[in-house]
Every structure is written in C-alpha cells, then in structure tokens.
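Peer 1: Count along the sequence shown from 1, then add 10; that gives the number in this note's numbering.
Here a beta-carbon is modelled for each residue, glycine too, at the ideal position from N, C-alpha and C.
A quick note: this is a predicted structure, and the numbers were derived from the prediction, not measured.
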Amino acid sequence: MNKFLVTALIMMISTLGASAQVVTSAEVKATVAKILEDGYKKISDGDVEVKVSATQFAQLQLPDGKITYKIVSGADKVVPRDIKRVDVYVNNAFVRSLNLPVQTKVYREVLVARDFIDREQAVTIESTEVKKVDVSMKMDYVLEERMLSKEISTKKAFQKGEIIDKRFVKMRPDVARNSDVRIFFVSNGAVMISIDGTAMMDGMCGDYVNVENRNYKKVYNGKVIGENKVLVVI
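1) Is the stretch 122-141 touching the stretch 61-74 in the sense that three or more CB pairs, one from each, lie closer than 8 Å?
2) At 3 residues or longer, and completely inside the stretch 70-143: list those beta strand (DSSP E) runs for me, N to C.
3) Is the separation between the beta-carbon of Val191 and that of Val240 shorter than 8 Å?
4) State the Cα-Cα distance for the pair Val234 and Gly207, rounded to the nearest angstrom.
5) Terminal residues of the continuous alpha helix (DSSP H) containing Ser38?
6) If you drop the 5 nearest sequence neighbours on each side, which residues of the same chain put their C-beta closer than 6 Å to that of Phe168?
7) Given that a residue counts as buried once 16 or more other Cβ atoms are within 10 Å of its Cβ, and exposed if not, what is Ala209?
8) Please look up how many angstroms separate the CB atoms of Asp212 and Val229, rounded, as I've assumed it's under 8 Å.
9) Would Asp92 pass as a contact of Gly84 if the rule is Cβ separation under 8 Å?
10) Looking only at its own chain, which residues have a Cβ that is under 7 Å from the Cβ of Asp55, when we skip the five neighbours before and after it?
11) Can you tell me where the beta strand (DSSP E) holding Ala200 begins and where it ends?
12) Checking 8 Å against the spacing of the C-beta atoms, do Tyr79 and Ile135 come in under that value?
13) Quick one: any contact between the stretch 99-111 and the stretch 129-148, if contact means 3 or more CB pairs under 8 Å?
14) Helix, strand or coil: how does DSSP classify Arg182 here?
15) Taking the beta carbon of Lys51 as the centre, do at least 16 other beta carbons fall within 10 Å, making it buried, or is it exposed?
16) Would you give the residue range spanned by the beta strand (DSSP E) that Asp190 belongs to?
17) So, under 8 Å CB-CB, Leu121 and Glu161 are touching, yes? Tell me the CB distance rounded to an integer number of Å.
18) Can you check which of these residues, Asn109, Tyr218, Val219 and Val143, is closest to Phe67 by C-alpha distance?
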C-alpha cells in the first residue's frame, strides 16, 4: 500500500473517531423505556411502568449528531415480557438495530378478594376491596368497582388479595344472546343512525359481539356500550 493511501486511511479513521459520540447502556434503557411508556399510556387505561431489563453492551459508539430511536415491533400492544426491536438513527440516518428485553407493568384500581372467597359464592362489596395492582398479566379480565351493581358469583375459589378475574365468575351480561338490542352506527365519531337488532352472543360492556339487523338479516360486529346497546363503527 503506497504512502498516499496509508495517509488517507489514517486521516479517515482520525476524522471518524473525532466525530463519534458514546451512549451508555443506562441512557439507552431509560430513553427506550420512556418512549414505550408514552406510547402505552395512549392505548391502556392505567399507570404504565416500563423497564428495559438488560442490554448486550455497556455503551454504544455512534456518529456525532441527534440520536433517535424507533420501536419497530411491539409498540402497539402491552405485553408483560417481550423482546423489542429498536432501530437507532443519527440525524435521521439508520445506524443499527437493537433487540432489547422489556418488562411492562400496568397498575389499575380493580376488585380483589378481601378474604378467601369460596366457589359458588357471591362477589359483593363486603367480600371484595378496590386495590391498585399490576394487571399486565390479565388486563382484559379485571373487574372494576362499578361491576358490583351486577349479580356476580364465583366459578372458582379466590385467595385473599387475588384479582377477581372475570373469566372465573358468572354474571348477567349487558347483552344476552338472542335478546333485542339497539344498534348505533357511528362514522367519524358521530352517530349516523340507530336501528333495532338481535344479539348473536353474550357480552359485557367493552366486549365486541355480533349483532344482526332485524330487517335485512345483515350481521355486524360492534362494541357493547351499555345494557342492550351496541356501537358499530362504519
């Protein structure tokens, strides 16, 4: 290799080294956790806590400039334990990808057993209490205090402090199969029309059920918003 090429390489290496920046593992973990927390707060009801548990590096050496992180996978759904792929950009130019193990907790005020509740027992205000607990493992199955207005009984025993899981209780549904319902059709956030229909399955508030237009026998899927009320987005 001639002297000119050697000199050019030395100058290039020196220039790259001078324009580099170092980001620690702790900085990466804190930034990515904050991005995920902010995103999850928009799609979940509760206080979100995200922790990036580990990295495979002590520090990253990146080109000089503004660093941004993009969560490529797993940012649209809360998962208690997951591996997130994160792309790193400097001045909007892609630099590298990271695979980061992430733990997520969502805290909500829900019903838990005040003491031991045996199977086939009523779930009442006396047998339960409201506590703020991590519900990330069963977010779609918790019960809030307002549900105590319904007749609820257990299908299994619950230990003291255990979250009352709606998969293991019996209650009168807000919409019952084959019952008459009012179907509200909504477009761009405004109710366009409402019609009479028939529920094709049981459902509680927040559940999605199939309903049938009584006149034209057309089936829609909508969200239960109250007793015998279903919202269909068109």
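Peer 2: Reading off the structure:
1) no
2) Secondary structure remark: continuous beta strand (DSSP E) runs of at least 3 residues inside the stretch 70-143, in chain order: 77-81, 91-100 and 103-123.
3) Counted from its first residue, the sequence shown places residue 191 at position 181. Counted from its first residue, the sequence shown places residue 240 at position 230. The answer is yes: Cβ separation under 8 Å.
4) As a first step, residue 234 must be located in the sequence shown, where it is residue number 224. As a first step, residue 207 must be located in the sequence shown, where it is residue number 197. When rounded, the distance between both Cα atoms is 13 Å.
5) As a first step, residue 38 is located in the sequence shown; it is residue number 28 there, counting from the start. Strictly speaking, residue 38 in this sequence is Val, with Ser absent from that position. Its alpha helix (DSSP H) spans residues Ser35 to Ile53.
6) By one-based count along the sequence shown, residue 168 stands at place 158. Listed in chain order, the non-local C-beta contacts of Phe168 below 6 Å within the same chain comprise Ala123 and Ile127, local neighbours out to five positions each way being set aside.
7) Along the sequence shown, one-based indexing puts residue 209 at 199. Buried, since its Cβ has 16 or more Cβ neighbours within 10 Å.
8) Here residue 212 is taken as the residue at index 202 of the sequence shown, counted from 1. Here residue 229 is taken as the residue at index 219 of the sequence shown, counted from 1. With 8 Å as the limit, Asp212 and Val229 do not qualify as a contact, their Cβ atoms being about 16 Å apart.
9) Position 82 of the sequence shown, counted from the start, is the residue given in the question as residue 92. Position 74 of the sequence shown, counted from the start, is the residue given in the question as residue 84. Yes, the pair counts as a contact, with Cβ atoms nearer than the cut-off.
10) By one-based count along the sequence shown, residue 55 stands at place 45. Taken in chain order, the residues that qualify are Arg118.
11) Here residue 200 refers to the residue found at position 190 of the sequence shown. Its beta strand (DSSP E) spans residues Ala200 to Ala209.
12) Numbered from its first residue, the sequence shown carries residue 79 at position 69. Numbered from its first residue, the sequence shown carries residue 135 at position 125. No, the Cβ-Cβ distance between Tyr79 and Ile135 is not below 8 Å.
13) no
14) What you label residue 182 is simply residue 172 of the sequence shown in a count that begins at 1. It is coil, neither helix nor strand.
15) Numbered from its first residue, the sequence shown carries residue 51 at position 41. Answer is exposed; the Cβ neighbour count stays below 16.
16) Residue 190 sits at position 180 when you count from the first residue of the sequence shown. Taken as a continuous stretch (DSSP letters only), the beta strand (DSSP E) holding Asp190 covers Asp190 to Ser197.
17) In the sequence shown, the residue the question calls residue 121 occupies position 111. In the sequence shown, the residue the question calls residue 161 occupies position 151. Not a contact, Cβ separation roughly 15 Å.
18) Counting from one through the sequence shown, the residue named residue 67 turns up at place 57. Closest option to Phe67, Cα to Cα, is Asn109.
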